[in-house]
Each structure stands twice: as C-alpha cells, then as structure tokens.
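Structure first, then comments.
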Amino acid sequence: MNFNRYIFVFLILATACKKEIAIDETDPVPTTYPTWSAEPFTATNTNQVVFFAENAGANASFHIYLPDEYFTDSLRDFPVIYWLHGGGVAAAAGGSVAVEHYHQAIDRGDLPPCIVVLPYGLPFGMWCDSKDGSQKIETMCIQDLIPYVDEHYRTITTRRGRIVEGFSMGGYGAARFGFKYANIFGGFSALGAGPMQLDFSVVAPQNQANQPIIFEQVYGNDMSYFEAQSPWRLAEEYGLQLPVPTPKRFLVGGQDFVFPAKDSFVAHIAQLGIPHQYSVFPNLGHVALPLWNALGNQNWVFYRSVFP
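Heads up: the sequence shown runs through residues -11 to 296, numbered per the working numbering.
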C-alpha cells in the first residue's frame, strides 16, 4: 500500500445541509463545457479534490467524504460508495444531500463506516464517453478517478469494497457501470434512473428541449451509439455473467416521469432472468431522498450485503 495514503488530510468541516434538492433537468444544456471541475459544495467531513485526469486531458474534480472513523483508526481500510449526480447545471451540488444521508446513517450504525466519492460528470455528460471522444467521462472515472482514490486514500480495493449509486442521469450511469464493470463494483443502485429506453427520440416533456443537444454532443446523433451505451443492452451483454453476489437495486416513484421507461427496463431484465431488487413508490416523483426514506431500515440492507 502506498505510503502517501497515510498522509494526514485536512478537511473542510461544514454545517450539515438539511434541505432536499430536486434536480432540474430542464436546465439548458451548455453548448461547451468550460471545465471538468464542479463548483465546490459544503457537507460534513467533505472536501473537493482536483487532480489531473489523463483521459480528460485536464484537471478534474471530485468531492470526497471521509467518516469520522477514518481519522480515529489509521490502520483501517474503508469501502467506498461512488455517487453519480443527476443532470443539470447545478446538479453536482445535490451531492451534499447524499453525503448527509450517508453520514447520518453511519452515525446511527445503519451503514458501515465508508468513504463517499462524488465524481463530476459534466452537466449532461451521461456518464459515458461521447462518440467523438471529446468527453471521455466513463473512461476518466474508471481509469483515472478510481485508481487515484485507491492510491491516495485507505480504501478496500476489491470489488466488494465498492458500490456505485446514482440518481436520474446518475442512476443511468450507475446501471451502466454496474453491469459493465462488475470486476470493479460489488453492487449498484439506480434511483429514478433515466434514460432507460432504447429510443432516445422518445423522451418525457421535461427533457424535450435538451434532448437534441445531448443527442448531438454525447451520442453524435447516432441512435445505434445511444443504444449501445444503454443499460438495456449492457444488461443483455453482461447481466447473466455477473459474479454472485452482485446486488442490483432499482428505485423509482410512480409519479416520476422516468417511471414508464424504467418499468419496461426492469421487466426486460426480469425476463432475462437477472436477479434484482425493484421498488416502486406510487406517490413519489423525481427526487432522490424520499426514495431512500421510503424504504426505511430496509434501505441499508443493500449496502451491508455488498460491503465486507
């Protein structure tokens, strides 16, 4: 294990953010992305790290939460949750809600002490490499970010030491990463995930203004490329080859605009014989925290089933 991982890290301790943030995916898509670094946000035991990402060809940022136990037990390695944010210009700031959610669960003893890493996937980067290669978000996360975290922090580096979880666009990304990189992630959780359909020309009214720009910037106006990146096709390719166990969780609100496509996707993987957990909450819409809360104590069984 590299000695640099034991260097004392000074963290910015911030007041806990209690307000739930709903991600507005109707935000206009910027025509260019000026930076791979998100605006910093504040949350308990959390700071922003900027590092050089070779596959981005630039400095990139992520936020990282370290549990209190990280500082009191210097010989201990910790599992990691990779939280993928949803779409929108200010979506990354919603990570403060996720951090407080995890932190409070650790304090209660519901969640084993763990590190939380919150990458920045650009406002509408879709957690995949763009067809033209200008935005290698997936490759940056897998080949640059995860090795950097393992090198500089005391992490459990086996697949059982990593979970990928996300909301909305981040749920799409979590499903993509979870199916495709089971050698890296021991389980994945997709909340209000979208787009889960095979045809990107069919989108909810909330996303119609952004669809043409995302389709061009990320998928190169190529429906076959969009389809190849989709969790639908990745589940077909990898779903029955995943190691056992690989817990897979899909949560969605019945009032969420992504519900019809997500419901069809889950029916598809059920028909394929891929084991999974699927929970629908009829009165909930497109917001992450109520989905977690609706599960109650059952929510934490998922994490404990993955982490050693």
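C-beta: ideal position from N, C-alpha, C; glycine also. Source: prediction; values computed, not measured.
### Query
On the three-state DSSP scale, how would you describe ARG150?
The sequence position of residue 150 within the sequence shown is 162, counting from 1. The answer is strand: DSSP assigns ARG150 an E or B state.
### Message
Within a Cβ cutoff of 7 Å, which residues of the same chain sit near ILE125, ignoring the five residues on either side of it in sequence?
### Response
Your numbering for residue 125 matches position 137 in the sequence shown. If we look at ILE125 and ignore the five residues flanking it on each side, its Cβ neighbours are GLY109, LEU110, GLY113, TRP115, CYS116, ASP117.
### Task
Could you have a look at PHE203 and say whether DSSP puts it in helix, strand or coil?
For the purposes of this step, residue 203 is taken as residue 215 along the sequence shown, with counting starting at 1. Helix.
### Query
If you follow the beta strand (DSSP E) that SER25 is part of, which residue opens it and which one closes it?
Sequence index remark: in the sequence shown, residue 25 carries index 37 (1-based). Careful: SER25 lies outside any beta strand (DSSP E) and carries neither H nor E.
### Task
Starting from TRP280, trace the beta strand (DSSP E) both ways and give me its first and last residue.
What you label residue 280 is simply residue 292 of the sequence shown in a count that begins at 1. Run containing TRP280: none in the beta strand (DSSP E); it sits in the alpha helix (DSSP H), 276 to 283.
### Task
Could you please give the first and the last residue of the uninterrupted alpha helix (DSSP H) stretch that includes PRO219?
Locating residue 219 in the sequence shown gives position 231, counting from the first residue. 219 to 226 is the span of the alpha helix (DSSP H), which, as asked, contains PRO219.
### Task
Pick out whichever of GLN199, TYR70, ARG150 has its Cα sitting closest to the Cα of GLY76.
As a working note, residue 76 is residue 88 in the sequence shown. Nearest C-alpha to GLY76: GLN199.
### Query
Once you ignore the five residues that flank ASP65 on each side, which residues in its own chain have a CB closer than 7 Å to its CB?
Taking the sequence shown and counting its residues from 1, the one referred to as residue 65 is at position 77. Counting only Cβ-Cβ distances below 7 Å, and skipping sequence neighbours, we find ARG142, THR143, ILE144.
### Task
Name the two residues that bound the continuous beta strand (DSSP E) containing LEU179.
Reading the sequence shown from its first residue, position 191 is the one you call residue 179. 175 to 179 is the extent of the beta strand (DSSP E) around LEU179.
### Message
Quick test of the definition: if touching needs 3 or more C-beta pairs under 8 Å, does the region 161 to 179 touch the region 85 to 98?
### Response
no
### Message
From the DSSP secondary-structure annotation, give me the bridge partner or partners of ALA41.
### Response
Stepping through the sequence shown from its first residue, residue 41 is reached at position 53. Note: ALA41 sits in a beta bridge opposite ALA46.
### Message
Suppose the cutoff is 6 Å on Cβ atoms and the five residues either side in sequence are ignored; what does the same chain contact list for GLY273 look like?
### Response
Locating residue 273 in the sequence shown gives position 285, counting from the first residue. Once the five neighbours on either side are set aside, the close Cβ partners of GLY273 are GLY241, GLN243, ASP244.
### Task
Using 10 angstroms around the beta-carbon of ARG123, count the other beta-carbons present and answer buried if the total reaches 16, otherwise exposed.
Locating residue 123 in the sequence shown gives position 135, where the first residue counts as 1. It should be pointed out that residue 123 corresponds to Gln in this sequence rather than to Arg. Classification for GLN123: buried.
### Three-state secondary structure (DSSP) of ILE52
Your numbering for residue 52 matches position 64 in the sequence shown. The answer is strand: DSSP assigns ILE52 an E or B state.
### Whether TYR213 touches PHE238 by CB criterion (8 Å)
In the sequence shown, the residue the question calls residue 213 occupies position 225. In the sequence shown, the residue the question calls residue 238 occupies position 250. The answer is no: Cβ separation not under 8 Å.
### Task
Pull up the distance between the alpha-carbon of TYR291 and that of THR23, whole angstroms please.
What you label residue 291 is simply residue 303 of the sequence shown in a count that begins at 1. What you label residue 23 is simply residue 35 of the sequence shown in a count that begins at 1. Distance between the alpha carbons of TYR291 and THR23: 33 Å.
### Message
Tell me which residue opens and which closes the alpha helix (DSSP H) that LYS236 is part of.
### Response
The sequence position of residue 236 within the sequence shown is 248, counting from 1. Premise fails: LYS236 lies in the beta strand (DSSP E), 236 to 241, not in any alpha helix (DSSP H).
### Query
Going by Cα to Cα distance, which pick from LEU54, PRO101, LYS236, VAL232 is closest to HIS140?
Within the sequence shown, residue 140 is the residue found at index 152, counting from 1. For HIS140, the nearest C-alpha among the options comes from LEU54.
### Query
In the structure shown, what three-state DSSP assignment does TYR21 receive?
For the purposes of this step, residue 21 is identified with residue 33 of the sequence shown, where counting begins at 1. Summary for TYR21: the model assigns pLDDT 42, below 50, so the residue's position carries little reliability, and this model does not support an answer.
### Message
Just to confirm the assignment, what range does the alpha helix (DSSP H) spanning SER357 have?
### Response
Shown here, the chain extends from -11 to 296; a query on residue 357 therefore has no answer.
### Task
Tell whether a beta-carbon distance below 8 Å holds between ALA249 and PRO183.
Residue numbering aside, residue 249 sits at position 261 when the sequence shown is read from its first letter. Residue numbering aside, residue 183 sits at position 195 when the sequence shown is read from its first letter. Cβ distance < 8 Å, so ALA249 and PRO183 count as in contact.
### Paired residues, beta bridge with LYS250 - DSSP
In the sequence shown, the residue the question calls residue 250 occupies position 262. DSSP lists no partner for LYS250.
### Task
Please state whether DSSP places SER84 in a helix, a strand or coil.
For this step, residue 84 is matched to residue 96 along the sequence shown. Helix.
### Through-space distance from PHE40 to ASN47, alpha-carbon basis
The residue you call residue 47 lines up with position 59 of the sequence shown. The residue you call residue 40 lines up with position 52 of the sequence shown. Going by the C-alpha atoms only, they are around 4 Å apart.
### Task
Spell out the partners DSSP gives SER267 in its beta bridges.
Here residue 267 corresponds to residue number 279 of the sequence shown, with the count starting at 1. Paired residue(s): LEU239.
### Query
Can you list, in chain order, the stretches of the beta strand (DSSP E) that have 3 or more residues and sit fully within the region 96 to 172?
103 to 107, 150 to 155
### Query
At what residues does the alpha helix (DSSP H) containing PHE188 begin and finish?
Residue 188 sits at position 200 when you count from the first residue of the sequence shown. From DSSP, PHE188 is part of no alpha helix (DSSP H); its letter is neither H nor E.
### Message
Across the region 206 to 224 and the region 154 to 169, are there enough close Cβ pairs to call them in contact, namely three or more that are closer than 8 Å?
### Response
yes
### Task
Return the bridge partner residues of THR34 from the DSSP annotation.
For the purposes of this step, residue 34 is taken as the residue at position 46 of the sequence shown. Paired residues: TYR53.
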